[in-house]
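J.: Submitted below is the structure of interest, expressed as structure tokens.
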Amino acid sequence: MTALSHLVIGSFGTIVGRVTSLVVPPALLRWVTGIDVATAAGSAAVDVPDHATTLILRTDKRELIVMGPRTRAAYHVATPGHSCVRVRMRPGRAHALLGRSLNGLADGALPLDELPGLDIDQLAADPVTALDRALADRPEPSDRLEEAARLLVGATVTATAARLSISERRLRTLFTDATGLSPKHFARINRVRTVLAADADRWADIASTAGYYDQSHMTAEFRHFMGVPPAAFTAGRRPAATSCTA
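Remember, my numbering sits 50 above the position in the sequence shown when you count from 1.
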């Protein structure tokens, strides 16, 4: 199992603690964008907004949970030593894996007694092998949602629907069922994550690259999702962290 240990992981959010990011083999990349093992360090952490659905295994309790998209940043301090395996799903893949609509799952969680074909003990010991075995024989999910997500990076909802030759109503249904978010909300979260991943230097340039109208638009959107403007966040002036023991 190849891994890289570090303090910050961009695909899941900014985590202060011990994170082991696992190398995802090509066969799994059609399903997931990242797999890691995170251990709380007892210091302040921030989970940034995320349009992805995440499969989480609490290794101490063997609890399997599906976490829906996060629409706002969460600032917290977790109990030291708590560890979990996190699997960040590609857009629409959780919908195919669970066989149910994700509508209503944003900012929520869905406990799972089991997931057919997935060995929980093996997931805790060797996540990559466990997922590879569980997903190997599953049919290839449709790429329609991922194609729509790519188009939304640089286009409006109207233009994206036109490019896909579907109605805007059909596009909204596609997104709410497969991601738990409207296409507009999905795109807004994608933009703020682009800002978070950028080097804090020329904010006007970052705003343009991320797809905002201008810097003031970016600042307002960033404050909405993160609770503070981008310059304050980068400087470490962030909302107070709350205790998280769940």
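Note that the Cβ used here is the ideal one computed from N, Cα and C, for glycine as well.
Given a threshold of 16 other Cβ atoms within 10 Å of its Cβ, counted over all protein chains shown, does Leu155 qualify as buried or as exposed?
T.: Flag for Leu155 reads buried.
J.: Please classify Ala290 as buried or exposed, where buried requires at least 16 other C-beta atoms within 10 Å of its C-beta.
T.: Result: exposed.
J.: Figure out for me which residue from Thr70, Ile85 and Arg68 has the closest Cα to the Cα of Pro76.
T.: Closest option to Pro76, Cα to Cα, is Ile85.
J.: Pair every Cβ in the segment 110-120 with every Cβ in the segment 158-168, then say whether three or more of these pairs are closer than 8 angstroms.
T.: Counting Cβ pairs under 8 angstroms, three or more are found: they touch.
J.: Rank Ala102, His132 and Val82 by C-alpha distance to the C-alpha of Ala88 and give the top, closest one.
T.: If we check each option's Cα against that of Ala88, His132 comes out closest.
J.: If we count the other Cβ atoms within 10 Å of its Cβ and call it buried at 16 or more, is Val73 buried or exposed?
T.: Result: exposed.
J.: Is it buried or exposed, Asp249, if we count other Cβ atoms within 10 angstroms and call 16 or more buried?
T.: Asp249 should be labelled exposed.
J.: Run the CB neighbour count on Arg287, radius 10 Å, all protein chains shown included, and call it buried at 16 or more, exposed below.
T.: Label assigned to Arg287: exposed.
J.: Would you say the segment 210-230 touches the segment 145-153, given that touching needs at least three Cβ pairs under 8 angstroms?
T.: Contact between the segment 210-230 and the segment 145-153 is present, because at least three Cβ pairs lie under 8 angstroms.
J.: Could you tell me if Tyr262 is buried or exposed, where buried requires 16 or more neighbouring beta carbons within 10 angstroms of its beta carbon?
T.: The residue is buried, with at least 16 neighbouring Cβ atoms inside 10 Å.
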